[in-house]
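S.K.: Letter by letter, the sequence shown follows residues 7 to 346 of the numbering used here.
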Amino acid sequence: MYTQSFNVPDGASASAVKAVPASQDPADAARQAHFDTVIDADGKIEPRDWMPEAYRKTLVRQISQHAHSEIVGMLPEGNWISRAPSLKRKAILVAKVQDEGGHGLYLYSAAETLGTSRDQMFDALHSGRAKYSSIFNYPTLTWADVGVIGWLVDGAAIMNQIPLCRCSYGPYARAMIRVCKEESFHQRQGFEALMTMMQGTAEQRAMVQDAVNRWWWKCLAMFGPPDADSPNSVQGMRWGIKRISNDDLRQKFIDATVPQAEVLGVTLPDPELRWNEARGHHDYGQIDWDEFWAVVNGDGPCNKERLATRVKAWNDGAWVREAALAHARKQQERALKEAA
Ligand code: 3HC
Numbered sequence: 007m008y009t010q011s012f013n014v015p016d017g018a019s020a021s022a023v024k025a026v027p028a029s030q031d032p033a034d035a036a037r038q039a040h041f042d043t044v045i046d047a048d049g050k051i052e053p054r055d056w057m058p059e060a061y062r063k064t065l066v067r068q069i070s071q072h073a074h075s076e077i078v079g080m081l082p083e084g085n086w087i088s089r090a091p092s093l094k095r096k097a098i099l100v101a102k103v104q105d106e107g108g109h110g111l112y113l114y115s116a117a118e119t120l121g122t123s124r125d126q127m128f129d130a131l132h133s134g135r136a137k138y139s140s141i142f143n144y145p146t147l148t149w150a151d152v153g154v155i156g157w158l159v160d161g162a163a164i165m166n167q168i169p170l171c172r173c174s175y176g177p178y179a180r181a182m183i184r185v186c187k188e189e190s191f192h193q194r195q196g197f198e199a200l201m202t203m204m205q206g207t208a209e210q211r212a213m214v215q216d217a218v219n220r221w222w223w224k225c226l227a228m229f230g231p232p233d234a235d236s237p238n239s240v241q242g243m244r245w246g247i248k249r250i251s252n253d254d255l256r257q258k259f260i261d262a263t264v265p266q267a268e269v270l271g272v273t274l275p276d277p278e279l280r281w282n283e284a285r286g287h288h289d290y291g292q293i294d295w296d297e298f299w300a301v302v303n304g305d306g307p308c309n310k311e312r313l314a315t316r317v318k319a320w321n322d323g324a325w326v327r328e329a330a331l332a333h334a335r336k337q338q339e340r341a342l343k344e345a346a
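(1) Mind checking residue 39: buried by the 16 CB within 10 Å criterion, or exposed?
(2) Using alpha carbons as the reference points, say which of 96, 172, 198, 137 lies closest to residue 186.
(3) Just reading off the alpha helix (DSSP H) that residue 256 is part of, what are its end residues?
(4) Could you compute how far the alpha carbon of residue 14 sits from the alpha carbon of residue 140?
(5) Apart from the five residues on each side of it in sequence, which residues of its chain come closer than 8 Å, Cβ to Cβ, to residue 160?
(6) Given a threshold of 16 other Cβ atoms within 10 Å of its Cβ, counted over all protein chains shown, does residue 338 qualify as buried or as exposed?
(7) Taking residue 150 as the reference, which of 109, 133, 143, 82 has the closest Cα?
(8) Count the other CB atoms within 10 Å of the CB of residue 93; is the residue buried (16 or more) or exposed (fewer)?
(9) Under the DSSP definition of a beta bridge, which residues are partnered with residue 51?
(10) Since residue 282 is in the beta strand (DSSP E), which residue starts that stretch and which ends it?
(11) Considering only C-alpha positions, which residue in the set 176, 208, 101 is nearest to residue 156?
(12) Closer than 6 Å by C-beta to residue 6: which residues in its own chain qualify, once you throw out the five before and the five after it? Chain order, please.
(13) Please list the segments of the alpha helix (DSSP H) lying wholly inside the segment 59-84, counting only runs of 4 or more residues, in order along the chain.
(14) Excluding five sequence neighbours on each side, which residues of the same chain lie with their C-beta closer than 7 Å to the C-beta of residue 302?
(15) Identify, in the order they occur along the chain, each residue of the same chain with its Cβ nearer than 7 Å to the Cβ of residue 52, setting aside the five sequence neighbours on each side.
(16) Check for me: the beta strand (DSSP E) holding residue 151 runs from which residue to which?
(17) Measure the Cβ-Cβ separation of residue 242 and residue 64 and say whether it is below 8 Å.
(18) According to DSSP, is residue 198 part of a helix, a strand, or is it coil?
(19) Measuring CB to CB, does residue 132 end up less than 8 Å from residue 320?
(20) Heavy atom of the ligand 3HC less than 7 Å from the Cβ of residue 184, yes or no?
(21) Within 8 Å, do at least three Cβ pairs link the segment 248-256 to the segment 222-240?
(22) Alpha carbon to alpha carbon, how far is residue 158 from residue 249? Give it in angstroms, no decimals.
(23) List the endpoints of the continuous alpha helix (DSSP H) containing residue 46.
(24) Are there 16 or more other CB atoms within 10 angstroms of the CB of residue 118, so buried, or fewer, so exposed?
(25) Roughly how many angstroms lie between the CA atoms of residue 219 and residue 267, to the nearest whole one?
(26) Between the C-alpha atoms of residue 332 and residue 46, what's the straight-line distance to the nearest angstrom?
(27) Going by the C-beta, is residue 332 closer than 7 Å to any heavy atom of the ligand 3HC?
(28) Less than 8 Å between the beta carbons of residue 217 and residue 154, yes or no?
(29) Along the chain, where does the beta strand (DSSP E) containing residue 289 start, and where does it finish?
(30) For the segment 201-253, which segments carrying the alpha helix (DSSP H) assignment without a break, of at least 4 residues, lie completely within its bounds, in sequence order?
(31) When every heavy atom of the ligand 3HC is checked, does at least one fall within less than 7 Å of the C-beta of residue 98?
(32) Counting C-beta neighbours from all protein chains within 10 Å, is the total for residue 104 16 or more, i.e. buried, or is it exposed?
(33) Tell whether a beta-carbon distance below 8 Å holds between residue 134 and residue 106.
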């Protein structure tokens, strides 16, 4: 459904977008020139390659935030595993939530290749210093929320993540290829679950519409602030980390979702949503950016609960980490003895 983004060309401004500012340090000039050549040629930067410190920092920031989003993103849906309406739905949901955990692990590994330890990243998350996606600070009130998270939240996530498969940093780009394949299944299972409910009772249909009403605007905000208020976009795009801007991805998501909503038989809660023939896109209403920033800054309905759950899981898991390390030490000792 969302694979078209693989083919989005960089457009006429591609060379301007890829230009990287020269290093201030003369000793780094040759390495900087090589880095710029690789970026300009749309090549990949690998962990052992030289890279400007700002590029490394930007990647650690984005990849670790992304990893945290996957891990925290397990919580709103995990909440429904014990209450799924059938064995089939439970099995699908368990698999999906496990996938999100796996995505977090690939992404932490990708960030580790940049010289940041997993402990440092967890510490930033658990102490509340690290960001994760605003969307996971909202509650899942009914079973329809699980379907809507698949359809809209995962749909928005794929729209944002498919261009990241072409990110200039190799380990991140390769991790995203697998993540996107799995996210595609997540999006489809959500749509199918909602379709089933829409063919059910009037109460089920109302439940779906209510969930769509509550999640729609939050999903649009997920793409991040408008381009004009996005401090990281210009540099991220120059470096080939970000390929499509926040506003352009948001627009692509809206244009792709409107026909899906029609097939499903739900309305999207925006009276200003309409096709604009001249632009070749849908116009849409105002996103509540004050609410978005309040949630990003820790004041959403579930921020405290989400963080407390992660910290508790980390503390409760201490004995597992200790046991795994003790086991690995024993195995290493045995291997050394056998080799001696
Ligand atoms: N929630 C929380 N913070 C957000 C945000 C959101 N939805 N959107 C933007 N922000 C933050 C940025 O992280 C940045 O904070 P920082 O400067 O303190 O690090 C600030 O707002 C300004 O935003 P920018 O647009 O300048 O930031 P970026 O250029 O990094 O763009 C992004 C933001 C589009 C989210 C980009 O970082 C990105 O593409 N990240 C990778 C994908 C990702 O993390 N997705 C999160 C959802 S994952 C998911 O949904 C899991 C799936 O299983 C459902």
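The C-beta atom is built at its ideal place from N, Cα and C for all residues, glycine as well.
M.R.: Taking the coordinates as given:
(1) If you number the sequence shown from 1, residue 39 lands on position 33. Looking at its Cβ environment, which holds fewer than 16 other Cβ atoms inside 10 Å, residue 39 is exposed.
(2) Translated into positions along the sequence shown, residue 186 becomes position 180. Of the listed residues, the one whose Cα sits closest to residue 186 is 172.
(3) Here residue 256 refers to the residue found at position 250 of the sequence shown. Element bounds for residue 256: 252-270.
(4) Sequence index remark: in the sequence shown, residue 14 carries index 8 (1-based). Sequence index remark: in the sequence shown, residue 140 carries index 134 (1-based). With a pLDDT of 39 at residue 14, under the threshold of 50, the modelled position of that residue is not reliable, and the figure given next carries that caveat. Roughly 26 Å separates the two Cα atoms.
(5) The residue you call residue 160 lines up with position 154 of the sequence shown. Once the five neighbours on either side are set aside, the close Cβ partners of residue 160 are 189, 192, 193, 196.
(6) Reading the sequence shown from its first residue, position 332 is the one you call residue 338. Counting the other Cβ atoms within 10 Å of the Cβ of residue 338 gives fewer than 16, which makes it exposed.
(7) In the sequence shown, the residue the question calls residue 150 occupies position 144. The shortest C-alpha separation from residue 150 is found at 82.
(8) To locate residue 93, count along the sequence shown from 1; it is residue 87. Burial call: exposed.
(9) Position 45 of the sequence shown holds residue 51. In the DSSP output, where bridge partners are listed per residue, residue 51 has 175.
(10) Taking the sequence shown and counting its residues from 1, one reaches residue 282 at position 276. Note, residue 282: beta strand (DSSP E), 280-282.
(11) Along the sequence shown, read from residue 1 onward, the residue named residue 156 stands at position 150. Closest by alpha carbon: 101.
(12) With the chain represented from 7 up to 346, any question about residue 6 goes unanswered, as that position is not in the structure.
(13) The qualifying runs are 59-78, 80-84.
(14) The residue you call residue 302 lines up with position 296 of the sequence shown. Counting only Cβ-Cβ distances below 7 Å, and skipping sequence neighbours, we find 137, 140.
(15) Here residue 52 is taken as the residue at index 46 of the sequence shown, counted from 1. Closer than 7 Å at Cβ, skipping near neighbours: 176.
(16) The residue labelled residue 151 in the question sits at position 145 within the sequence shown. Run containing residue 151: none in the beta strand (DSSP E); it sits in the alpha helix (DSSP H), 149-154.
(17) Taking the sequence shown and counting its residues from 1, the one referred to as residue 242 is at position 236. Taking the sequence shown and counting its residues from 1, the one referred to as residue 64 is at position 58. Using a Cβ distance threshold of 8 Å, residue 242 and residue 64 count as a contacting pair.
(18) In the sequence shown, residue 198 corresponds to position 192, counting from 1. The answer is helix: DSSP assigns residue 198 an H, G or I state.
(19) One-based indexing of the sequence shown puts residue 132 at position 126. One-based indexing of the sequence shown puts residue 320 at position 314. Yes.
(20) For the purposes of this step, residue 184 is taken as residue 178 along the sequence shown, with counting starting at 1. Flag unset: Cβ of residue 184 not near the ligand 3HC.
(21) The segment 222-240 and the segment 248-256 touch, with no fewer than 3 CB-CB distances between them shorter than 8 Å.
(22) Stepping through the sequence shown from its first residue, residue 249 is reached at position 243. Stepping through the sequence shown from its first residue, residue 158 is reached at position 152. The C-alpha of residue 249 lies about 21 Å from the C-alpha of residue 158.
(23) As a working note, residue 46 is residue 40 in the sequence shown. Membership of residue 46 in the alpha helix (DSSP H) is indicated by the continuous run 35-46.
(24) For the purposes of this step, residue 118 is taken as the residue at position 112 of the sequence shown. With 16 or more other Cβ atoms within 10 Å, it is buried.
(25) Taking the sequence shown and counting its residues from 1, one reaches residue 219 at position 213. Taking the sequence shown and counting its residues from 1, one reaches residue 267 at position 261. When only Cα atoms are considered, residue 219 and residue 267 end up about 12 Å apart.
(26) Mapped onto the sequence shown, residue 332 falls at position 326. Mapped onto the sequence shown, residue 46 falls at position 40. Their Cα atoms are separated by approximately 47 Å.
(27) Working through the sequence shown from its first residue, we reach residue 332 at position 326. Every heavy atom of the ligand 3HC is 7 Å or more from the Cβ of residue 332, so no.
(28) Position 211 of the sequence shown, counting from 1, holds the residue named residue 217. Position 148 of the sequence shown, counting from 1, holds the residue named residue 154. Going by C-beta atoms, residue 217 is nearer than 8 Å to residue 154.
(29) As a first step, residue 289 is located in the sequence shown; it is residue number 283 there, counting from the start. That run of the beta strand (DSSP E) goes 287-289.
(30) DSSP assignment within the segment 201-253 yields the following whole alpha helix (DSSP H) runs of 4 residues or more, N-terminal first: 208-228, 239-244.
(31) The residue given as residue 98 occupies position 92 in the sequence shown. No, the beta carbon of residue 98 sits no closer than 7 Å to any heavy atom of the ligand 3HC.
(32) One-based indexing of the sequence shown puts residue 104 at position 98. Under this definition residue 104 is an exposed residue.
(33) Counting from one through the sequence shown, the residue named residue 134 turns up at place 128. Counting from one through the sequence shown, the residue named residue 106 turns up at place 100. No, Cβ-Cβ distance for residue 134 and residue 106 is not below 8 Å.
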